[in-house]
Amino acid sequence: MTAYFVIELDVEDGPSLAEYEREVTEHVVAAGGRFLVRGNDYRPIEGDWHPKRLIVIEFPDLDAVERYYHSEPNQTLKRKRLAGTAGKPARAIAIQGVAQSATTGGATAGGPREIGVDANGAVIWGA
Numbered sequence: 601m602t603a604y605f606v607i608e609l610d611v612e613d614g615p616s617l618a619e620y621e622r623e624v625t626e627h628v629v630a631a632g633g634r635f636l637v638r639g640n641d642y643r644p645i646e647g648d649w650h651p652k653r654l655i656v657i658e659f660p661d662l663d664a665v666e667r668y669y670h671s672e673p674n675q676t677l678k679r680k681r682l683a684g685t686a687g688k689p690a691r692a693i694a695i696q697g698v699a700q701s702a703t704t705g706g707a708t709a710g711g712p713r714e715i716g717v718d719a720n721g722a723v724i725w726g727a
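In structure tokens form, the structure reads like this:
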């Protein structure tokens with residue numbers, strides 16, 4: 601079942617971040633992942649959570665998330681990222697997705713469903 605790798609980073613935009621994102625994208629795609637969210641353009645809705653940068657990556661399952669995270673390419677990139685963030689670690693979780701229903705085309709819990717992808721590769725959700 602689909603799983604998601606959710607990461608909060610405390611990094612600043614700049615040339616080193618752009619290079620890191622290019623490299624990490626290659627490795628994520630090679631590991632079967634797909635970026636759903638990557639950035640800092642958000643609107644707080646509830647509480648006082650203000651991440652500097654939030655990333656959500658879709659993987660085929662939880663094992664794929666862990667394989668990617670512990671892979672040598674990711675660990676090498678992690679060292680680069682830590683060097684560029686004064687050693688501030690990311691906050692990250694892997695979470696199981698919701699089973700999709702063949703009869704409704706959406707989440708079995710009646711939630712939103714993916715209806716497309718925009719020009720930037722971000723998922724478009726619908727009812």
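Numbering of the sequence shown is given in my numbering, commencing with residue 601 and proceeding in unit increments.
Ideal Cβ positions, reconstructed from N, Cα and C, are used throughout, including at glycine.
Each of His670, Ala664, Pro673, Gln700 was checked against the Cα of Ala603, and the nearest Cα belongs to Ala664. Restricting attention to Glu646, His627, Ile657, the CA atom closest to the CA of Arg638 is found in Ile657.
Listed in chain order, the non-local C-beta contacts of Gly647 below 7 Å within the same chain number zero, local neighbours out to five positions each way being set aside.
Residue pairing by DSSP places Ala603 opposite Phe659, Gln696 in a beta bridge.
Straight through space, the alpha carbons of Gln700 and Glu619 are spaced by roughly 36 Å. Apart from the 5 residues on each side of it in sequence, Ala631 sits with its Cβ closer than 6 Å to the Cβ of Tyr668 in its chain, given in chain order.
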